[in-house]
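J.: Dumping the structure here so I can ask a few things about it.
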Amino acid sequence: MENSQKALVLLRQIIRSTDMQDKDISRSTGLTPPQLMVMQTLRENTQLTTGELAKEMVLTQATVTSILDRLERKELIARERGIEDKRKVWVSLTEKGVELMKGAPTTQQDIFVRNFEDMQNWEQSMIVSSLERIAFMLNAQHLDAAPLLDIGELDRSQQEYSKN
């Protein structure tokens, strides 16, 4: 097999693996991967404003608000206006959200980050450089993307996700 074919096979394996794990998360939790990531971030930080949550996740506030709307409808998060500053909206997990997170699976993203951070700096730099080159080769370097291993729109509903 030529190197170009090997590279395509590896890219396809990564895409398929991400897609399969996303569907497993959806089946086991009823959440999309971005929704689960919001829940994980809230679990780690107890309570954040919508803006802080967006900054922590490197997402736009509009995307986070859309995800929070869906989680609030499922009664997994609660939002409260600030007492001193009514413009601030504080977000936290509800008891139902805390219970759901107790059984939440480890995501591929968590595994990737843990393994990546265990690498030497030169190895990390080589991987990032190679991925930047691949993004350029596929004319994808201009696409807006959050640091989440997920396929599709980040603020989609679980029903929209299940159709894929």
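In terms of UniProt numbering, the sequence shown opens at residue 1 and continues consecutively. Every residue gets a Cβ at the ideal spot worked out from N, C-alpha and C, and that includes glycine.
In this structure, how does DSSP classify residue 73 when only helix, strand and coil are distinguished?
T.: Reading the sequence shown from its first residue, position 73 is the one you call residue 73. If DSSP states are grouped into helix, strand and coil, residue 73 belongs with the helices.
J.: Would you tell me roughly how many angstroms separate the C-alpha atoms of residue 49 and residue 42, rounded to the nearest one?
T.: What you label residue 49 is simply residue 49 of the sequence shown in a count that begins at 1. What you label residue 42 is simply residue 42 of the sequence shown in a count that begins at 1. Cα to Cα, the separation comes out at about 10 Å.
J.: For a quick check, are the C-beta atoms of residue 34 and residue 67 less than 7 Å apart?
T.: Counted from its first residue, the sequence shown places residue 34 at position 34. Counted from its first residue, the sequence shown places residue 67 at position 67. Cβ distance < 7 Å, so residue 34 and residue 67 count as in contact.
J.: Which residue comes first and which comes last in the alpha helix (DSSP H) that contains residue 50?
T.: Indexing the sequence shown from 1 puts residue 50 at position 50. Residue 50 -> alpha helix (DSSP H) spans 50-57.
J.: How would you call residue 38, buried or exposed, if buried means at least 16 neighbouring beta carbons within 10 angstroms?
T.: Looking up residue 38 in the sequence shown gives position 38. Buried, by the Cβ-count rule.
J.: Tell me the DSSP secondary structure of residue 87 in three-state form.
T.: Indexing the sequence shown from 1 puts residue 87 at position 87. Coil, per DSSP.
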